[in-house]
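A.B. asks: The structure under discussion is supplied below as structure tokens; questions concerning it will follow.
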Amino acid sequence: MSVNAKVVIVGCGISGIAAAQRLVNAGFQHVQILEATARSGGRVKTGTLGDNIIEIGANWIHGPSEENPVFCLARQYGLLEPDALTPENQAMDVEGHPPWVPNFFSSSGRKLNAEDIYPAQEMFLELMSEGSKFESQGGEPWACVGDFIRSEAEQQAAEKWKDIDAATRCLRLCVISNMLKVECCVNGAHSMDEVGLGAYGLYKTLPGLDCTFPGGYEGLIKNLMSELPSDLVTYNRPVRCVHWNNTEKEENSVMIECDDQKKIATDHVIVTVPLGYLKKHHSTLFSPPLPLHKLHSVERLGFGTSNKIYVEFDSPWWDADCEVIYLVWEDEDGMLDQVPDVQRSWIKKLFGFTVLKPSERYGHVLCGWIAGHESEYMETLSEQEVTHTMTQLIRRFTGNPTVTPRRVLRSQWFHDPWTCGSYSYPGKGCSAQDLENMMEPLPTKGSLLQPLQVLFAGEATHPCYYSTVHGALLTGWREADRLISHYSAISTSEPPK
Ligand code: 6YU
Numbered sequence: 002m003s004v005n006a007k008v009v010i011v012g013c014g015i016s017g018i019a020a021a022q023r024l025v026n027a028g029f030q031h032v033q034i035l036e037a038t039a040r041s042g043g044r045v046k047t048g049t050l051g052d053n054i055i056e057i058g059a060n061w062i063h064g065p066s067e068e069n070p071v072f073c074l075a076r077q078y079g080l081l082e083p084d085a086l087t088p089e090n091q092a093m094d095v096e097g098h099p100p101w102v103p104n105f106f107s108s109s110g111r112k113l114n115a116e117d118i119y120p121a122q123e124m125f126l127e128l129m130s131e132g133s134k135f136e137s138q139g140g141e142p143w144a145c146v147g148d149f150i151r152s153e154a155e156q157q158a159a160e161k162w163k164d165i166d167a168a169t170r171c172l173r174l175c176v177i178s179n180m181l182k183v184e185c186c187v188n189g190a191h192s193m194d195e196v197g198l199g200a201y202g203l204y205k206t207l208p209g210l211d212c213t214f215p216g217g218y219e220g221l222i223k224n225l226m227s228e229l230p231s232d233l234v235t236y237n238r239p240v241r242c243v244h245w246n247n248t249e250k251e252e253n254s255v256m257i258e259c260d261d262q263k264k265i266a267t268d269h270v271i272v273t274v275p276l277g278y279l280k281k282h283h284s285t286l287f288s289p290p291l292p293l294h295k296l297h298s299v300e301r302l303g304f305g306t307s308n309k310i311y312v313e314f315d316s317p318w319w320d321a322d323c324e325v326i327y328l329v330w331e332d333e334d335g336m337l338d339q340v341p342d343v344q345r346s347w348i349k350k351l352f353g354f355t356v357l358k359p360s361e362r363y364g365h366v367l368c369g370w371i372a373g374h375e376s377e378y379m380e381t382l383s384e385q386e387v388t389h390t391m392t393q394l395i396r397r398f399t400g401n402p403t404v405t406p407r408r409v410l411r412s413q414w415f416h417d418p419w420t421c422g423s424y425s426y427p428g429k430g431c432s433a434q435d436l437e438n439m440m441e442p443l444p445t446k447g448s449l450l451q452p453l454q455v456l457f458a459g460e461a462t463h464p465c466y467y468s469t470v471h472g473a474l475l476t477g478w479r480e481a482d483r484l485i486s487h488y489s490a491i492s493t494s495e496p497p498k
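Residue numbers (our numbering): 2 to 498.
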């Protein structure tokens, strides 16, 4: 098939690249990507800390197994380590919670005994799994995951832990606060009080123990880009407005207006901008504006911030087999995942660290995780202030007043003007219909206008793999396939010449 229709793709993240790849391979002759920044990859972004390769954006392949297209591509390009390729690794079903070896430290400078903590962790994970089953019931009687967890945990703690000493019970409830902060990072939400319980179960996990790219996630982007024509992407070309239902010019129904005033006429546009950007700029990005039902879904879906703070040390203060470090604040009651005074105590939102492995490759590097408004505030501080606060934090939790990081580096996704946060989650009152609305092309079905003028891809448009790289990639393929089917239907219905 050779298709002459013009397609413009807005955004050169994984979804935009995937859409372009599929269209070019199907014979579309006029495909163009307009990217606001100077690089491809969007939220797949690899950087360095000293000599180490680190991920500023996406970290893992979630569920690396046959059904995951990111895994299959990474394997095809030879980007993964042998461990990740084994059938055993692919078969492990951990439901999004990898069984990492933990170390627990407390705000009084003690290393906690894991046995004291496990009952709280176990209870929390059971509740989270229960929470994901509310899908069809609208979440009643709880609107959000936070309320559900608190209410159930309080009741269960009163029953199950009634015979244990008050200090251990109190500590376990502090562990629940810590676990809620972990979930804020996993979900990219400010608080689990903002994550809707009714739609929480929409997210689906794939089998396979999460794995990383030893050479960096961007290796995937580079390989995909090398298969596309080199002039397909125009960098540093932000799109200001998509004029659809364009009546000024007869041939093309869409006119793309760029920040530099350049205008590009096209038949179709695939918009892949992040939901955070869409929330902020939808009123100027589309003319005519988005239909109300679509707009309401853009508003109902959540898009928060989850940031990383990498910290490198000369020597480890954690166990050799440790894969994740949890920092438990002992003065927190009420199972809260938000700090009362963001400016003074933002650091209390950092749940802890994942350990970069193997140490032979990375040395002693930790990745700290912090979500929410606290994380957005952290972005406004100077590097020295962040380093100082991290140093104080680690000294306090280890009880070692001399431990000093060698280097610190943090991400700043909220202040990235083309992303405005990290990834999407189902907000309160959200349902599967909102994700359907997100992916619905314009003009909507039933209209007599030129069909498929504006199509929507990007992680926040996937019905069950939102917030992930594989979800984003699949949405790019989905929208390309929509156009491919459209043109194959036209070509088969044309009378023979
Ligand atoms: C994953 C992971 N991961 C950590 C962090 C982040 C994300 N994700 P893009 O934004 O890439 O592209 C859009 C482009 O558009 C971009 O280049 C812009 O510059 C451009 N643009 C914008 N405006 C424009 C304009 N006006 N004109 C022109 N261009 C414009 N995913 O699989 N594994 O470990 C993580 C993580 C810190 C920030 C992640 C992870 C999310 C992915 O990175 C993300 O989904 C995709 O890269 C998005 O691709 P895209 O093409 O859609 O947009 C149980 C349960 C609960 C549910 N959640 C559980 C899942 C957990 C998700 N975990 C993520 C965790 C981490 C650590």
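Even for Gly, the Cβ is constructed at its ideal location relative to N, Cα and C.
A quick note: this is a predicted structure, and the numbers were derived from the prediction, not measured.
(1) Is the beta carbon of Glu480 less than 8 Å from the beta carbon of Ala20?
(2) So, at 6 Å on beta carbons, what are the nonlocal neighbours of Ile326 in its own chain, with the 5 sequence-adjacent residues on each side left out?
(3) For ligand 1, is there a heavy atom less than 7 Å away from the beta-carbon of Ile150?
(4) By Cβ distance below 7 Å, which residues in the same chain neighbour Gln344 in space, the five residues on each side in sequence not counted?
(5) What I want to know is whether the C-beta of Arg44 ends up closer than 7 Å to one or more non-hydrogen atoms of ligand 1.
(6) For a minimum of 4 consecutive residues, which ranges assigned as the alpha helix (DSSP H) are wholly contained in the stretch 337 to 396?
(7) When you compare the CB positions of Thr273 and Val455, do they come within less than 8 Å of one another, or not?
(8) Can the beta-carbon of Val240 be found less than 8 Å from the beta-carbon of Asn247?
(9) Does DSSP put Glu56 in a helix, a strand or coil?
(10) Leaving aside the five residues before and after Leu128 along the sequence, list all residues of the same chain whose C-beta is less than 6 Å from its C-beta, in chain order.
(11) Hey, quick one: how far does the beta strand (DSSP E) through Arg76 stretch, first residue to last?
(12) Given a cut-off of 8 Å on the beta-carbon distance, is the pair Gln122 and Met180 in contact?
(13) With a 10 Å radius around its C-beta and 16 neighbouring C-beta atoms as the bar for buried, classify Arg362 as buried or exposed.
(14) Looking only at C-alpha atoms, which of Gly220, His98, Met2 and Lys161 sits nearest to Ile54?
(15) Excluding the 5 residues preceding and the 5 following Val234 in the sequence, name in chain order all residues of the same chain whose CB lies nearer than 7 Å to its CB.
(16) Thinking C-beta only, is Leu475 closer than 8 Å to Pro70?
(17) With DSSP as the reference, label Lys498 as helix, strand or coil.
(18) What separation, rounded to the nearest whole angstrom, lies between the Cα atoms of Lys498 and Ile491?
(19) Helix, strand or coil for Thr306 per DSSP?
(20) Work out the CA separation of Thr403 and Lys349 for me, nearest whole Å.
(21) Roughly how many whole angstroms lie between the Cα atoms of Asp482 and Leu443?
(22) For Pro317, which residues in the same chain have their Cβ closer than 6 Å to its Cβ, ignoring the five residues on either side in sequence?
(23) Let me confirm a value: Asn5 is counted as buried when at least 16 other C-beta atoms fall within 10 Å, else exposed. Which label applies?
C.D. replies: If we stick to the structure as given:
(1) For this step, residue 480 is matched to residue 479 along the sequence shown. For this step, residue 20 is matched to residue 19 along the sequence shown. Closer than 8 Å, so yes.
(2) Residue mapping note: residue 326 aligns to position 325 of the sequence shown, counting from 1. Within the same chain, Ile326 has close Cβ partners Asn104, Trp319, Gly353 and Phe354.
(3) Counted from its first residue, the sequence shown places residue 150 at position 149. Incorrect: Ile150 has no Cβ contact closer than 7 Å to ligand 1.
(4) Counting from 1 along the sequence shown, the entry for residue 344 is found at position 343. Here the set comprises Tyr378.
(5) Indexing the sequence shown from 1 puts residue 44 at position 43. Arg44: yes, Cβ under 7 Å from ligand 1.
(6) 343 to 346, 360 to 363 and 373 to 381
(7) On the sequence shown, residue 273 is found 272 positions in, with the first residue counted as 1. On the sequence shown, residue 455 is found 454 positions in, with the first residue counted as 1. In this structure, Val455 does not lie closer than 8 Å to Thr273 by Cβ.
(8) Walking along the sequence shown from the start, residue 240 turns up at place 239. Walking along the sequence shown from the start, residue 247 turns up at place 246. Against a cut-off of 8 Å, the Cβ pair of Asn247 and Val240 comes out as no contact.
(9) Within the sequence shown, residue 56 is the residue found at index 55, counting from 1. Residue state for Glu56 is assigned as strand, using DSSP reduced to three classes.
(10) As a position in the sequence shown, residue 128 is number 127, starting the count at 1. Within the same chain, Leu128 has close Cβ partners Ile150 and Glu153.
(11) By 1-based counting over the sequence shown, the position of residue 76 is 75. Here Arg76 belongs to no beta strand (DSSP E); instead the alpha helix (DSSP H) covers Pro70 to Gln77.
(12) One-based indexing of the sequence shown puts residue 122 at position 121. One-based indexing of the sequence shown puts residue 180 at position 179. Yes, the Cβ-Cβ distance between Gln122 and Met180 is below 8 Å.
(13) Here residue 362 corresponds to residue number 361 of the sequence shown, with the count starting at 1. So Arg362 ends up on the exposed side.
(14) Within the sequence shown, residue 54 is the residue found at index 53, counting from 1. Closest option to Ile54, Cα to Cα, is Gly220.
(15) The residue you call residue 234 lines up with position 233 of the sequence shown. Excluding sequence neighbours, Val234 sits near Cys13, Ile34, Glu36 and Ser41.
(16) Mapped onto the sequence shown, residue 70 falls at position 69. Mapped onto the sequence shown, residue 475 falls at position 474. Yes, the pair counts as a contact, with Cβ atoms nearer than the cut-off.
(17) Taking the sequence shown and counting its residues from 1, one reaches residue 498 at position 497. Unreliable positioning characterises Lys498 in this predicted model, as indicated by a pLDDT of 47, which lies under 50. The coordinate reading is nonetheless provided below. Coil, per DSSP.
(18) The residue you call residue 498 lines up with position 497 of the sequence shown. The residue you call residue 491 lines up with position 490 of the sequence shown. Confidence is the limiting factor: at Lys498 the pLDDT is only 47, short of 50, which leaves the residue's position unreliable, though a coordinate-based value still follows. Cα-Cα distance, rounded: 14 Å.
(19) The residue labelled residue 306 in the question sits at position 305 within the sequence shown. Three-state DSSP puts Thr306 in coil, outside helix and strand.
(20) Here residue 349 is taken as the residue at index 348 of the sequence shown, counted from 1. Here residue 403 is taken as the residue at index 402 of the sequence shown, counted from 1. The alpha-carbon atoms of Lys349 and Thr403 are separated by roughly 21 Å.
(21) Reading the sequence shown from its first residue, position 481 is the one you call residue 482. Reading the sequence shown from its first residue, position 442 is the one you call residue 443. Taking the CA atoms as reference points, Asp482 sits about 16 Å from Leu443.
(22) Against the sequence shown, residue 317 aligns to sequence position 316. Same-chain partners within the cutoff: His365.
(23) Here residue 5 refers to the residue found at position 4 when the sequence shown is read from its first residue. In this structure Asn5 is exposed. Its beta-carbon is surrounded by fewer than 16 other beta-carbon atoms within 10 angstroms.
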